[in-house]
Amino acid sequence: MTTILVLNGPNLGRLGSREPEVYGSATLADIGRELEASAPGITIDLRQTDDEAELIGWLHEAIDSGTPVILNPAAFTHYSYGLRDAAAQVTHAGIPLVEVHLSNPYARETFRHTSVISGIAAGVIAGFGVESYRLAVEWIARRD
Numbered sequence: 001m002t003t004i005l006v007l008n009g010p011n012l013g014r015l016g017s018r019e020p021e022v023y024g025s026a027t028l029a030d031i032g033r034e035l036e037a038s039a040p041g042i043t044i045d046l047r048q049t050d051d052e053a054e055l056i057g058w059l060h061e062a063i064d065s066g067t068p069v070i071l072n073p074a075a076f077t078h079y080s081y082g083l084r085d086a087a088a089q090v091t092h093a094g095i096p097l098v099e100v101h102l103s104n105p106y107a108r109e110t111f112r113h114t115s116v117i118s119g120i121a122a123g124v125i126a127g128f129g130v131e132s133y134r135l136a137v138e139w140i141a142r143r144d
């Protein structure tokens, strides 16, 4: 394996300035740099969109290329059945998909306690800030 697709949903392009007390002060670009530095020999293909259809298209791309996925679905976590169905296609194709969250959804508002993605993901890593992403990269790298 040489590439991991790291997909991020709505509002995560605002990291660094969006509720730093919840999400930390790192920007998405900072996260990308940290992942690349922590995973020599692995290409981190970091993407972010506020568009559900684009995120679904990227999951289809992962299926077609056999690329492992780290997915932070952000707000789509709680209600996007279209995203869930696309993520299920990734896992059914035998491609690792890990759900990540910077914050711990269970320590937040009740509506955040439900994930439509968790049930089909290989695992969920949440609440460790940027470390959530690093742990997911490490797990995927060890599988190869």
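In the numbering used here, the protein residues as written are 1 to 144. For each residue, glycine too, the CB sits at the ideal point set by N, CA and C. Here the structure is a predicted model, which means the values were calculated and not measured.
(request) Could you tell me whether the Cβ atoms of residue 35 and residue 13 are closer together than 8 Å? (result) Against a cut-off of 8 Å, the Cβ pair of residue 13 and residue 35 comes out as no contact.
(message) For the alpha helix (DSSP H) containing residue 126, name the first residue and the last one.
(response) Looking at the DSSP string, residue 126 is not in any alpha helix (DSSP H); the run it does join, the beta strand (DSSP E), is 123-126.
(message) Cutting at 7 Å between CB atoms, please list the residues of its own chain near residue 86, excluding the five before and the five after it.
(response) Once the five neighbours on either side are set aside, the close Cβ partners of residue 86 are 56, 59 and 60.
(message) Assess contact between the stretch 88-102 and the stretch 115-133, defined as three or more Cβ pairs (one per stretch) separated by less than 8 Å. Is contact present?
(response) Flag = yes, the stretch 88-102 and the stretch 115-133 touch.
(message) Do residue 52 and residue 83 have their beta-carbon atoms positioned less than 8 Å apart in this structure?
(response) It is a contact, given that the beta carbons lie within the stated cut-off.
(message) To the nearest angstrom, how far is the alpha carbon of residue 132 from that of residue 65?
(response) Here the alpha carbons of residue 65 and residue 132 stand approximately 24 Å from one another.
(message) To the nearest angstrom, how far is the alpha carbon of residue 116 from that of residue 8?
(response) Our two residues, residue 116 and residue 8, have alpha carbons roughly 16 Å apart in a direct line.
(message) What does the alpha-carbon distance come out to for the pair residue 129 and residue 25?
(response) Each residue's Cα considered, the two are about 10 Å apart.
(message) Quick check on this structure: which residue in 42, 43 and 114 has the alpha carbon closest to the alpha carbon of residue 74?
(response) Checking every option, the nearest Cα to that of residue 74 belongs to 114.
(request) For residue 110, count neighbouring Cβ atoms within 10 angstroms of its own Cβ and tell me buried if that reaches 16, exposed if not. (result) Exposed: under 16 other Cβ atoms inside 10 Å.
(message) Relative to the C-alpha of residue 16, which candidate in 6, 31, 5 and 3 has its C-alpha closest?
(response) Of the candidates 6, 31, 5 and 3, the residue whose Cα lies closest to the Cα of residue 16 is 31.
(message) Please return the same chain residues whose Cβ sits closer than 8 Å to the Cβ of residue 5, not counting the five positions on each side in sequence.
(response) Cβ within range, chain order: 45, 47, 58, 61, 62, 67, 68, 69 and 70.
(message) Please classify residue 37 as buried or exposed, where buried requires at least 16 neighbouring CB atoms within 10 angstroms.
(response) Its Cβ having fewer than 16 others within 10 Å, residue 37 is exposed.
(request) List the residues that DSSP assigns as beta-bridge partners of residue 69. (result) Answer is 5 and 97, bridged to residue 69.
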